[in-house]
Structure formats: structure tokens, C-alpha cells
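Asks: I'd like to ask you about the structure that follows.
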Amino acid sequence: MASATDSPAGFRPLDPAPLTLRDGSPWCARYGDVYYSPGEGAQESAQVFLAANGLPERWRDGERFTVGETGFGTGLNFLLTWDLWRSRPGRGWLHYLSTELHPFTPPDMARLMGALPAGLRRLGEQLLAQYPEPVSGYHRLVFPDDRVSLTLLFGDATETLAGCHARVDAWYLDGFAPARNPGLWNEALYAQLARLTPPGGTLASFTAAGHVRRGLEAAGFRIVRQPGFGAKRERITGVCESLPQSVDVRPPWLRWPEGADVSERRAAVIGAGLAGTSTALALSRRGWDVTVLDSGPGPAAGASGNPAGIIMAHLSADHGVVSRFTLQAAEFAWRWIESVAACGHPIPRDRCGALWLADGERLRLRLDRIAERLALPHTLMQRVDAPQAAELAGVPLTLGGLYLPRAGWVDPSALCRGQLEAASARLVTGVQVSSLRRTGDAWHVLDANGKSVVEAPQVVLANGLGLPALHPGIETRPLRGQLGIMSPAPSTQGLRRILCYEGYVTPATPAGHVFGATYVRGDTGTDLRAGEHARNLSDLARVWPAALSNGAPANAGRAAVRYNAAGRLPLVGPLPRMDAFEAAYADLHHGRSWDHYPDAPCLPGVYATLAHGSRGLTTTPLAAEVLASLMHGDPLPLSLDLVEALHTARERVRQLKRRP
Ligand SMILES: Cc1cc2nc3c(=O)[nH]c(=O)nc-3n(C[C@H](O)[C@H](O)[C@H](O)COP(=O)(O)OP(=O)(O)OC[C@H]3O[C@@H](n4cnc5c(N)ncnc54)[C@H](O)[C@@H]3O)c2cc1C
């Protein structure tokens, strides 16, 4: 494992907790402490954390309740809270945020779930099915049937909470005893807890250590000592009494109107591709009424209509925002797709793994750097030489590279249909949206003749390029792409993994092997072209010559247009009112304090999930979750630095920060 100093700034490989059992209870050798008391863990949690925070009584009204926890550990507190939540009346959502510096690995979590009390085992299995690999960052797990989401913040509690945007109603301050784990219990953590807690929010902890009490009081909580559980002398509960001075850590252009204040949950989504249908589903899971409009004859008429595409993290040695976002997005996408498939719509897919082949010396060095610096668990990334690559691929190869076991292919058009069906959203086809007109508190969505087709208080642009006249200065650029489809032959049907090189080729999908793709800037043509087919074939032949041993396949495939934006990330979030935005931030280059600037002026109720480029399968589900969380006022599933990296006007902010 790489040392912290070898790792990219802001990223540290995690050191998972080894699972040790002592007298049948999970034990942590690192801190010399138990995860929960032997034999009575569930009762202790129920009393010390749930009842002490007034649960379940506080769930009676309200649509949303957010629990925050320090120390996810075995997940026992989460499972108990989830179990109790299921028995409440009402239809709100439970959001549960939990930090963990030393998460258990999935196999150890499986052992722990197997040892749960019978009543929790079914929930434990559901948790396990989505439980992430131990990689630092945010991991959102959604359990839509029970209207529960779990966001695991893997990494140092204070650091991960510093990037969090949420209003936490109740805290469980767990984690090991302060004397054994002093790194957790400190002023910086208490300041984050206070920042995230509205007045009246509560906390509870098993400890009553004096410095913890004093620290929490200094941060703004009124602390009360309570009789401890079992043999323990004391524990504490607390109430947040005041807002600390500086509560908003967001830069002004990220200070958007809060979605929680929206009174009418009705949205029109423009575009029925991956971006639009995933957003429709994320909103409908929150109880929104959604209409999706598309100029095509049905869903997936644009880039999302390809027969198969790859889901894969786009890693880099510096683990910058693209690398971090796509790593989280790829893992989220698979969890999301399983939840869509569980609704009954068939979605051809195979998480077969991908070999990123070192096609050239420069790429070989780059892959070496990625493997060394990121030091991801071998379940996510392995360095392989050519014989190992060939063995994994099931076909002859002469190149090694990186093996990414958690990558795979999916049929995007089936996913679009599945998302739409699961969302029970209305679909209006054959409408070319030209603009939006504001009347009162609602937007009219206008067709090419200026006729209002749909009226809704909230609108999401999910049509790849956006409506440029509505957001001057926010640019999306067309990139034509063509892929080929090849019937499996004796020399190709043994391929078991996706091969990635300049392009990619999939194992046999229901459509055949899908290979490609080309990039032609500024071109919006969707005709199949012989020259691009030849280019795809020559890239394929370079890394896997045997694929063409039966002759080159005819020019069959698909061409479509993806749109991208500066920074190689999609544009996700509210759309600014660009004239007011320019005026508000015109002097950003002065480098004044953020207090000097107003909150972001936005087009009320207009949001975007655009420019997913060549990674829409990977990026659209998490983008949809970000957007729906923003629109609904839920805790965000990403740290604020990544939310900022997706900002619709990030390029303008970057330009305005530069001296004229
Ligand atoms: C050749 C090729 C290969 C690719 N391979 C992969 C891959 O392996 N993995 C991967 O993750 N991604 C891949 N992509 C990219 C991926 O397909 C896109 O990122 C994704 O489909 C974008 O989804 P979207 O919903 O934003 O756009 P689209 O799917 O293009 O959907 C936009 C929709 O909006 C509609 N629309 C547009 N304008 C209007 C309007 N004014 N009014 C009404 N409707 C409108 C269109 O009809 C369309 O249905 C590939 C793309 C191409 C072209």
C-alpha cells in the first residue's frame, strides 16, 4: 500500500479494519476496544443512540429526517435505525450519513451480517449487496422500497464532514472511546457537527468524557449527562442551541436556493436519454410528478441509444476531480442499475471487468503511476502483465496493463426504458423544445412554434447540449462518435473482459461485440462512415489482431453525438441567471472574501444535467442523485469540492477569477 506522502493531495488509501471476534463480539485491535458490548449491542444502541435522540417519536411528522453518525463500524446502529424507520407511519425519507476511517472490507462485512440477530439479517443482506469497497470518499447507497439512503463517508471524520452539505437532525457520536481514539474527538470535529446541525437538532453519545462535553458545549450544544447503559456510569445527550458564526462553507456561486423550500414537487425533464430518465427516476423516488419530453420518437433517441456502453472509472495518477468523481460515479451506477433492474425491466449487462491495455510506452508509464499512487484495493484495480491479461481476457494478447474488475458493459437504451418505467413518468415524444417562458411561478416549455407543451414549476435540461440561448456563456460542444458491431466468431467469442485501448471492445453482448468509438469535434452528423469504421478496426487490430482473423466485419454500427464541456465533467446543478451572475461575480479576480458576494443568482427552478460526454453511463446516475438531492433539499451525495467541479458555470467562474 502506498504511503500517505506518495498519494495524490487530498486522497489517502484507506487501511481497512481487520475483523477480529472476541467472545463472539467484533473487536478492534487498533483501538483495543469492542465495536459493541458483547451480547447486548442492539439494546445498548437502541437506548444510547436512538431513544436518546427521541426516535422514533420525532419521525411522526416531516418528510425527511437525517441522522449523522461518527463511526459506521459494523453498521449495527444503521440497521437498527432502518428497522425502526420501516415500522413508522408516513412516507418521508430517512437519510443516514456515517463516517468511517477504517471500514470493514466487504468479505468481513459479510461475516458480520451473517452473525446479526435474526430480525436484522434481511436488512443486513440488503446492506451487503450495496456495501462499497474501502475507498475514501462518499458512497451513497439507496434503499428505495423503504425510502432510506445511507451515505458512507470513508476517511477521516472531520475531513469528510468538512465537505458535507446537509442538515443533520440527530447525531450518534459513536466510534471508539475518546481515551483510545483521541484522533476522532476534537474541536475541529465538534465545529463540523455544529455547522451541520440546525438549532433544535440533537446528539447522543455513549461517552461522557469531560473534554468531549466541554468541546461540544463550546461548539454550541447544550449537553446533559445521563445514566450510562449497563455497567457504564454516564453517557450524554445534547441539543444544538445556536448557529455558530460562520456556518456556510460554500463559495457564493454554490449558495443556491434550498430545494427543501419548494412547495410543489412537479418537474418537466427535457431529454429522454440516460441523463433525463435517471433524473426522472431520482425525482419520482422522492415523490415528484415528472413529465419527460423528447424530440425523438421514444426514449434513447440520441447518444443513449447505443447497443452497449462501458461503465468504468477514469482514473488518473493525480486523482483529480475527474478521477474521483468517476470512481464514485461508476460504483454508484452499478448499485443504481441493480435497483432499476429489480423493478422488473430487463437490462442486458455484465460486470465482467475491463483490461486497460498499455498500448504504447507513454500509456504504460501512466498506468504504472496510477497503480502506484492510488493503491486501490485489488478488488478495484490490479497491475497485470501480458500473460496475465491474456489469461483474464480469454484471448491472445501481447500487452499488459491495468485490470479493473468492477468495470462492465450495459445496454444504455434498455436502461433508459427501465428508468422511465420505474419512475412512472409521463413521456411526451416528438417535441423539439426551443425555449422556456416564465409565467407566475411556473415555466412553460415551448416547442419550435413557440407553443406551450407542458407547464411546470421546475424544469431540468437533460438534452445533452442544453438550450444555449437560456445560458449564454455556458458552453456545450458536440463530439460525433461512431461504433461498430461485430458478430461473435470462433476467434472472438472467448473474450471475457472488455478491452480498453485507444478505443474499446466488449465481449459478446446480445447485439454482438461492440467496438469503437471515434471522436469528431464539432460534427453533428449521425450517418455511418466508412473512414471511421476503418479507424475503429485498425485500433482494434493493433491490440487484438486475432479478432479480425476471419476478415474485417462490414460497416455496421451506430453513430451519435455526445456533448461535452470544459473540464471533462458534466454540467450538473441549478442554471444561473447569466446576466446577474456575471454582474455579481465580475470582480472575482480581486480575490476578496466570499462574504463580499451575494448568493448565486439562479433561474428559479431550472436545473441541468448536460454534457456527459463519452461517459454518460458512468456519470448520469450519480448526477441524477446530486440533482434530485439539490432539488428536494436532501443531503448531497458528493463532497462540496466535487459538487463545485460539476457546477454549470464553473468555466465562467474560472475565467472571472483570472485577472482581465
Ligand atoms: C459512439 C459512442 C460511444 C459511446 N460509448 C460510451 C461508453 O462506452 N460508455 C459511456 O458511459 N458512454 C458512452 N458514450 C456516451 C454516452 O452515450 C452519453 O454520454 C450519454 O448517452 C449521454 O446521455 P444524455 O441523456 O445526456 O444524452 P442523449 O442520450 O443524447 O439524450 C438527449 C436526448 O435529448 C433529446 N433532445 C435533444 N435536444 C432536444 C430538444 N431541444 N427538445 C427535446 N428533446 C431534445 C434527444 O432526442 C435525446 O433523446 C458513447 C457515445 C457515443 C456517441
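Just so we're aligned, residue 1 is where the sequence shown starts under full-length UniProt numbering, counting upward by one. Backbone N, C-alpha and C fix where the C-beta goes; we use that ideal spot for every residue, glycine too.
#1: Taking C-beta to C-beta, are G305 and V292 nearer than 7 Å?
#2: Where do the ends of the alpha helix (DSSP H) carrying R654 lie?
#3: Taking the alpha carbon of R417 as the point to measure from, which residue in Q126, G400 and G271 has its own alpha carbon closest?
#4: Express the C-alpha separation of F72 and T160 in angstroms, rounding to a whole number.
#5: Does the beta-carbon of S87 have 16 or more other beta-carbons within 10 angstroms, so that it is buried, or is it exposed?
#6: With hydrogens ignored, establish whether the beta-carbon of N536 is closer than 6 Å to any heavy atom of ligand 1.
#7: Report all residues from its chain with a CB closer than 6 Å to the CB of G613; omit the five preceding and five following residues, and keep chain order.
#8: Give the DSSP bridge partners of A559, in chain order.
#9: Which of the three DSSP states is assigned to P545 in this structure?
#10: Just mark H211 as buried or exposed, buried being the case when its beta carbon has 16 or more other beta carbons within 10 Å.
#11: How big is the Cα-Cα spacing for L203 and R235?
#12: May I have the straight-line CA-CA distance separating G309 from A517, to the nearest angstrom?
#13: Ligand 1 and L617: does the residue's C-beta get closer than 6 Å to at least one heavy atom of that ligand?
#14: So, is S593 buried or exposed, given that buried needs 16 or more other C-beta atoms within 10 angstroms?
#15: According to the neighbour-count rule (16 or more other Cβ atoms, all chains shown, within 10 Å of its Cβ), is P387 buried or exposed?
#16: May I have the straight-line CA-CA distance separating G32 from T81, to the nearest angstrom?
#17: Ligand 1 heavy atoms versus the CB of D294: any closer than 6 Å?
#18: How many whole angstroms separate the CB atoms of G68 and V168, which I take to be in contact at a CB cut-off of 8 Å?
#19: Spatial neighbours of W336 within its chain, please: CB distance less than 7 Å, with the 5 preceding and 5 following residues excluded, ordered by chain position.
#20: For R535, I'd like the list of residues in its chain whose CB is within less than 7 Å of its CB, leaving aside the five on either flank, ordered along the chain.
#21: Have a look at V48 and S205 and give me their C-alpha separation to the nearest angstrom.
#22: Flag this pair as touching only if the region 92-110 and the region 137-151 have three or more C-beta atom pairs under 8 Å; answer yes or no.
#23: How long is the line joining the alpha carbons of Y190 and L216, rounded to whole angstroms?
#24: For D475, which of helix, strand or coil comes out of DSSP?
#25: Give the secondary structure of Y190 by DSSP, where H, G and I count as helix, E and B as strand, and everything else as coil.
#26: Any idea if G200 is buried or exposed, counting beta-carbon neighbours within 10 angstroms, 16 or more meaning buried?
#27: Applying the 10 Å Cβ sphere with the 16-neighbour rule, what's the burial state of R214?
#28: Leaving out five residues before and five after D539 in sequence, what residues of the same chain have Cβ atoms less than 7 Å from its Cβ?
#29: Distance, Cα to Cα, I223 vs A179?
#30: Assign N53 to buried or exposed, taking buried as 16 or more other Cβ atoms, counted over all protein chains shown, within 10 Å of its Cβ.
#31: When burial is assigned at 16 or more other CB atoms within 10 Å of the CB, is R406 buried or exposed?
#32: From the DSSP output, which residues share a beta bridge with I236?
#33: Give the secondary structure of A2 by DSSP, where H, G and I count as helix, E and B as strand, and everything else as coil.
Replies: Working from what's here:
#1: One-based indexing of the sequence shown puts residue 305 at position 305. One-based indexing of the sequence shown puts residue 292 at position 292. Cβ atoms of G305 and V292: not closer than 7 Å.
#2: For this step, residue 654 is matched to residue 654 along the sequence shown. Per DSSP, R654 belongs to the alpha helix (DSSP H) from R650 to K657.
#3: For the purposes of this step, residue 417 is taken as residue 417 along the sequence shown, with counting starting at 1. Ranking Q126, G400 and G271 by Cα distance to R417 puts G271 first.
#4: The residue you call residue 160 lines up with position 160 of the sequence shown. The residue you call residue 72 lines up with position 72 of the sequence shown. So the two alpha carbons sit approximately 13 Å from each other.
#5: Taking the sequence shown and counting its residues from 1, the one referred to as residue 87 is at position 87. So S87 counts as exposed.
#6: For this step, residue 536 is matched to residue 536 along the sequence shown. No - ligand 1 has no heavy atom lying nearer than 6 Å to the Cβ of N536.
#7: The residue you call residue 613 lines up with position 613 of the sequence shown. Taken in chain order, the residues that qualify are R562 and N564.
#8: In the sequence shown, residue 559 corresponds to position 559, counting from 1. In DSSP, A559 forms a bridge with Q482.
#9: The count along the sequence shown starts at 1 and reaches residue 545 at position 545. P545 falls in the helix class under three-state DSSP.
#10: As a working mapping, residue 211 is identified with position 211 in the sequence shown. Exposed, since its Cβ has fewer than 16 Cβ neighbours within 10 Å.
#11: Reading the sequence shown from its first residue, position 203 is the one you call residue 203. Reading the sequence shown from its first residue, position 235 is the one you call residue 235. For L203 and R235, the distance between alpha carbons rounds to 11 Å.
#12: As a working mapping, residue 309 is identified with position 309 in the sequence shown. As a working mapping, residue 517 is identified with position 517 in the sequence shown. Taking the straight line joining both Cα atoms gives about 10 Å.
#13: Taking the first residue of the sequence shown as 1, we reach residue 617 at position 617. L617 has its CB nearer than 6 Å to a heavy atom of ligand 1.
#14: Along the sequence shown, read from residue 1 onward, the residue named residue 593 stands at position 593. An exposed status is given to S593, since fewer than 16 other beta-carbon atoms sit within 10 Å of its beta-carbon.
#15: Your numbering for residue 387 matches position 387 in the sequence shown. Counting Cβ neighbours within 10 Å, P387 comes out exposed, since fewer than 16 surround it.
#16: Taking the sequence shown and counting its residues from 1, one reaches residue 32 at position 32. Taking the sequence shown and counting its residues from 1, one reaches residue 81 at position 81. Rounded to the nearest angstrom, the two C-alpha atoms are 26 Å apart.
#17: If you number the sequence shown from 1, residue 294 lands on position 294. True, at least one ligand heavy atom lies under 6 Å from that Cβ.
#18: Stepping through the sequence shown from its first residue, residue 68 is reached at position 68. Stepping through the sequence shown from its first residue, residue 168 is reached at position 168. Contact holds; Cβ gap of about 4 Å.
#19: Position 336 of the sequence shown, counting from 1, holds the residue named residue 336. If we look at W336 and ignore the five residues flanking it on each side, its Cβ neighbours are P621.
#20: By one-based count along the sequence shown, residue 535 stands at place 535. Cβ neighbours of R535 beyond the five flanking positions: T518.
#21: Taking the sequence shown and counting its residues from 1, one reaches residue 48 at position 48. Taking the sequence shown and counting its residues from 1, one reaches residue 205 at position 205. Distance between the alpha carbons of V48 and S205 is about 7 Å.
#22: Under the Cβ criterion (8 Å, minimum of three pairs), the region 92-110 counts as touching the region 137-151.
#23: Within the sequence shown, numbered from 1, the residue matching residue 190 stands at position 190. Within the sequence shown, numbered from 1, the residue matching residue 216 stands at position 216. Distance between the alpha carbons of Y190 and L216: 6 Å.
#24: Here residue 475 corresponds to residue number 475 of the sequence shown, with the count starting at 1. With the sequence shown as reference, residue 475 is identified as Glu, and Asp is not the correct amino acid for it. Coil.
#25: As a working note, residue 190 is residue 190 in the sequence shown. The three-state secondary structure of Y190, taken from DSSP, is helix.
#26: Residue mapping note: residue 200 aligns to position 200 of the sequence shown, counting from 1. Under this definition G200 is an exposed residue.
#27: Start at 1 with the first residue of the sequence shown, and residue 214 comes out as number 214. Exposed, since its Cβ has fewer than 16 Cβ neighbours within 10 Å.
#28: Translated into the one-based positions of the sequence shown, residue 539 becomes position 539. Closer than 7 Å at the Cβ level, and outside the excluded window around D539, lie Y501, E502 and G503.
#29: One-based indexing of the sequence shown puts residue 223 at position 223. One-based indexing of the sequence shown puts residue 179 at position 179. Counting only the Cα atoms, A179 lies some 20 Å from I223.
#30: Here residue 53 refers to the residue found at position 53 when the sequence shown is read from its first residue. The residue in question, N53, is buried, as its Cβ has 16 or more Cβ neighbours within 10 Å.
#31: Within the sequence shown, numbered from 1, the residue matching residue 406 stands at position 406. Label assigned to R406: buried.
#32: Numbered from 1 along the sequence shown, position 236 holds the residue referred to as residue 236. Looking at the DSSP output, I236 bridges to S205 and R225.
#33: Walking along the sequence shown from the start, residue 2 turns up at place 2. Confidence at A2 is low in this model, with a pLDDT of 41, below 50, so its placement is unreliable and no value can be given for it.
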